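From first to last, the protein sequence lines stand for chains A and B. Mapping to the numbering used here: the first sequence position 274 is 274, numbers consecutive. Mapping to the numbering used here: the second sequence position 240 is 240, numbers consecutive. Even for Gly, the Cβ is constructed at its ideal location relative to N, Cα and C. On a predicted model such as this, the values are computed, not experimentally measured, just so you know. Structure first, commentary second.
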Amino acid sequence: MLGMTRKDAMMLAIVAIVALLAPFILNPFPVDSGFAQFNAGYPDLMQRFAIFGIFAIGFNILFGLTGYLSFGHAAFLGVGSYAAIWMMKLLTTNILPGMVMGIIVAGLFALVVGFISLRRSGIYFAILTLAFAQMSYALAYSVLTPITGGETGLQLKLNDARVLDAPLAPGERADANLFGIDMTSSYDLIVGGWQFTFNAGYYIAAVVLVLAFYLSIRIFRSPFGMMLRAIKSNNTRMTYTGLNARPYALAAFVISGMYAGLAGGLMVAMDTQVGPERMFWTASGEVVLMTILGGAGTLIGPVLGAGLIKYMENIISKINSSILHEWFYWMPDGLEDFVITLIYPFVGKGWHLTLGIVFMLVVIFLPGGLVEGGQRIKRLFESKKARKTSDQTTPAE
Amino acid sequence: MGILEVKNVNKRFGGLQALSDMNLSIAENTVHAIIGPNGAGKSTLLNVLVGKLIPDTGSVMFDGQSVLGRKPYEINQMGISRVFQTPEIFGDLTVLENMMIPIFAKRDGAFRMHAIESVGNERAVVQQAEHMLESLNMADQRHNHSASMSRGNKRRLEIGMCLSQEPRLLLLDEPTAGMARADTNNTIDLLKQIKEERDITIAIIEHDMHVVFSLAERITVLAQGTPLVEDTPDNIKGHPKVREAYLGESATA
Chain A
1 MLGMTRKDAM
11 MLAIVAIVAL
21 LAPFILNPFP
31 VDSGFAQFNA
41 GYPDLMQRFA
51 IFGIFAIGFN
61 ILFGLTGYLS
71 FGHAAFLGVG
81 SYAAIWMMKL
91 LTTNILPGMV
101 MGIIVAGLFA
111 LVVGFISLRR
121 SGIYFAILTL
131 AFAQMSYALA
141 YSVLTPITGG
151 ETGLQLKLND
161 ARVLDAPLAP
171 GERADANLFG
181 IDMTSSYDLI
191 VGGWQFTFNA
201 GYYIAAVVLV
211 LAFYLSIRIF
221 RSPFGMMLRA
231 IKSNNTRMTY
241 TGLNARPYAL
251 AAFVISGMYA
261 GLAGGLMVAM
271 DTQVGPERMF
281 WTASGEVVLM
291 TILGGAGTLI
301 GPVLGAGLIK
311 YMENIISKIN
321 SSILHEWFYW
331 MPDGLEDFVI
341 TLIYPFVGKG
351 WHLTLGIVFM
361 LVVIFLPGGL
371 VEGGQRIKRL
381 FESKKARKTS
391 DQTTPAE
Chain B
1 MGILEVKNVN
11 KRFGGLQALS
21 DMNLSIAENT
31 VHAIIGPNGA
41 GKSTLLNVLV
51 GKLIPDTGSV
61 MFDGQSVLGR
71 KPYEINQMGI
81 SRVFQTPEIF
91 GDLTVLENMM
101 IPIFAKRDGA
111 FRMHAIESVG
121 NERAVVQQAE
131 HMLESLNMAD
141 QRHNHSASMS
151 RGNKRRLEIG
161 MCLSQEPRLL
171 LLDEPTAGMA
181 RADTNNTIDL
191 LKQIKEERDI
201 TIAIIEHDMH
211 VVFSLAERIT
221 VLAQGTPLVE
231 DTPDNIKGHP
241 KVREAYLGES
251 ATA
């Protein structure tokens, strides 16, 4: 089906259905229940899930397949964002030209960075990409201020040129849209105590995510994808089999740079502003964490990793001491304070600590990431089932 | 004229003359063994042939074309395949995928951006790879990870991968090093079978005299980076100079 095996088509279908039903799945708790703060089904966060999912899928094509660890992928995301916002300033508030330009400019930038960085491998490659990304950050922050807006970044303004758009009516704002559909427009469905929000921007990001996932399945299953895995597995054998590893790795690098540019363009489409901090090295590190946490080299892993990290960043960081007191009010006073003192460092601003512990546990006990965890659980069930059937067939003695 | 002509090749590493006035001619469709004590320059010679090292002087012609200055992958595309001392295979990939990669490399050249086609739809390549695995008696292992195989099987797979490219010259670097007797004999049988079935030139570097005398039609003995003698196995066995320099008691055993 669509050039995929049944198993892959099934996985794509599951991703598409989950993306479609995300407003329901991510909002399992009624609005005024105590658990409402664990609801992740609000537009801003759902958009982040989709955008960082795309970013991580692209990163995984490079890191998961070829094993080249880039520590500067946020630069491509940032460059894509700047390109997109300039299209929205100069041409039109329609997000399509911006996204296309984000992909193209990030791809060209990745071609240059990849061409130079891929002369080295391993740790030296990682350092080279990191250096490029930090240079990009520094350029965007200061030197290129006329283009990037420096520290404050760029926003859409009323007096932007926008040559393709009709002039704004008085009092009208320049809003990102797709052929008139406003990215911020939402429809709220209220069922009993539950509230489900269907946001135009999220659904556009979700469609792009599903397409990006489909493309990554095709790349994984192609002869090209096999060559990329061959680079990771044994570069010597690759060379002595008459294959030139360099252009293969460069192509993977550019493709993953284009995915990052697409994610950057989408970020601008959802929230029409850019700042240089988007290219900071911590942002590059985050996508590495997402990919490893979910399972590098697996199809679905990066999406899961991106989802988990963004969920923790947005949900755990919102838990503060008054919420903790609400949860544990039923405890005797001394014990309550003690428990809260124990938990407090791991929530709120301390969410990084929780992330670090989760990351350590995954890397140590599940080197294949969340995907490996899922496979282990599946195997456990299968072996239990197998044991059960064998128990039934062999008569008791 | 042989298919491979090495003329006056010199290679120096600092104070060590690894190859000095090396001359070698390998005739088409023969099995040619290169033997010699440690440090005789066997590995240096091999690395010059595959493009890993560039000699200081001299020429290396393969089928009338110079290989010097070409990258290893380009030399492979000319028709020279190399088997390593420790089997170099794609350990993370399945046995079938291992076998498909050289077939793709033969068909598509050093690089092709075939990113949208599905491997499953490449029927001709899959069939050719499966056929090759059958002839190696490895068809039942085709979905196994190649890293989990025994050393003997890894060696078989690596030789099969090289053969699937239909090379004109197959270079083997101590193909039975570190192998049990049974695996060694299997490898000898495999190489004999290959030689019978197809037109191929095989150059083999080997320490194990049992392997050398079972396979070789010509033998070159290297010592101190230069050829000492070149002759048929029978003459080499009795050659006094060779016995003295290298063979010792093992030739009579």
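Tell me where the beta strand (DSSP E) around residue i begins and ends.
i, result
"G356 of chain A", "That residue, G356 of chain A, is in no beta strand (DSSP E); its alpha helix (DSSP H) goes 351-365."
"W330 of chain A", "Segment: none, W330 of chain A is in no beta strand (DSSP E) and carries neither H nor E."
"R82 of chain B", "80-83"
"I190 of chain A", "186-191"
Where DSSP assigns a beta bridge to residue i, which residues make up the other side?
i, result
"D231 of chain B", "B:I219"
"L118 of chain A", "Note: L118 of chain A sits in no beta bridge, so no partner."
"S66 of chain B", "B:M61"
"R12 of chain B", "B:Q17"
"K7 of chain B", "B:S59"
"A203 of chain B", "B:H32, B:L171"
"D175 of chain A", "Answer is none; D175 of chain A lacks a bridge partner."
"T226 of chain B", "B:A223"
"T197 of chain A", "A:D188"
"L468 of chain A", "The shown model of chain A, from 1 to 397, leaves out residue 468 of chain A, and the question about it has no answer."
"H145 of chain B", "B:T94"
"N94 of chain A", "A:N177"
"D182 of chain A", "A:N177"
Give the interface partners of residue i over in chain B, defined as CB-CB distance under 7 Å, in chain order.
i, result
"F224 of chain A", "M113, H114, A115"
"K232 of chain A", "D92"
"Y248 of chain A", "F111"
"R237 of chain A", "E88, I89, F90"
"A251 of chain A", "M113"
So with CB distances below 7 Å, who are the chain A contacts of residue i?
i, result
"S118 of chain B", "G3, R221, S222"
"F110 of chain B", "Checking the sequence, you will find Ala at residue 110 of chain B rather than Phe. Per Cβ cutoff of 7 Å: G242, L243, N244."
"P72 of chain B", "T239, Y240"
For residue i, which residues from the same chain have a beta carbon less than 7 Å from its beta carbon, with the 5 sequence-adjacent residues on both sides left out?
i, result
"F220 of chain A", "L299"
"I217 of chain A", "M4, D8, L12, L299"
"A176 of chain A", "M88, T93, I95, M183, A269, T272"
"K7 of chain B", "N23, G58, S59"
"L62 of chain A", "Y68, S70, A252, F253, S256"
"E382 of chain A", "none"
"E397 of chain A", "With a pLDDT of only 44 at E397 of chain A, under the threshold of 50, the placement of this residue in the model should not be trusted, and no figure is reported."
"R278 of chain A", "A74, L77, G78, S81"
Give the residues of chain A in contact with residue i, contact being defined as C-beta atoms less than 8 Å apart.
i, result
"Q77 of chain B", "G242"
"V50 of chain B", "Y240"
"Q165 of chain B", "T241, G242"
How would you write the range of the alpha helix (DSSP H) that residue i sits in, first residue to last?
i, result
"Y203 of chain A", "200-220"
"N23 of chain B", "Not the alpha helix (DSSP H): N23 of chain B falls in the beta strand (DSSP E), residues 16-26."
"A33 of chain B", "Looking at the DSSP string, A33 of chain B is not in any alpha helix (DSSP H); the run it does join, the beta strand (DSSP E), is 31-35."
"L228 of chain A", "223-233"
"I103 of chain B", "95-108"
"S43 of chain B", "42-49"
"L45 of chain A", "43-60"
"Q128 of chain B", "123-135"
"K195 of chain B", "181-197"
"E158 of chain B", "151-163"
"F24 of chain A", "6-25"
"F35 of chain A", "Run containing F35 of chain A: none; DSSP gives neither H nor E here."
"G80 of chain A", "74-90"
"P146 of chain A", "145-148"
Who are the near neighbours of residue i in its chain, counting only those whose CB is closer than 6 Å to its CB and skipping five residues on each side?
i, result
"G301 of chain A", "G294, G295, G369, V371"
"P97 of chain A", "M87, L91"
"A18 of chain B", "K11, G41, T44, G225"
"V303 of chain A", "G53"
"H32 of chain B", "I26, A203, R218"
Within a Cβ cutoff of 8 Å, which residues of the same chain sit near residue i, ignoring the five residues on either side of it in sequence?
i, result
"T232 of chain B", "E217, R218, I219"
"M78 of chain B", "F62, D63, Q65, V67, R70"
"S164 of chain B", "M99, P102, I103, K106, Q128, A129, M132"
Which chain B residues are close to residue i, counting only those with a beta carbon under 9 Å from its beta carbon?
i, result
"T66 of chain A", "Per Cβ cutoff of 9 Å: no residues; T66 of chain A is ~12 Å from chain B at best."
"R6 of chain A", "Under the 9 Å cutoff, chain B gives no residues; its nearest Cβ is about 11 Å from R6 of chain A."
Name, please, each residue of chain B whose Cβ falls closer than 8 Å to the Cβ of residue i.
i, result
"R218 of chain A", "A115, I116, S118"
"T341 of chain A", "Within chain B, no residue comes near T341 of chain A; the closest Cβ sits about 47 Å away, beyond 8 Å."
Who are the neighbours of residue i on chain A, taking C-beta pairs under 9 Å?
i, result
"I101 of chain B", "P223, M226, M227, A230, R237, M238, T241, L243"
"E122 of chain B", "P223"
>> If the cut-off is 9 Å on Cβ atoms, which residues from the segment 167-180 of chain B count as contacting chain C, listed in chain order?
In response: No chain C is present in this structure, whose protein chains are A and B.
>> As an exercise, report each continuous alpha helix (DSSP H) stretch of at least 4 residues that is fully enclosed by the segment 266-348 of chain A, in chain order.
In response: 281-294, 301-315, 321-327, 333-343
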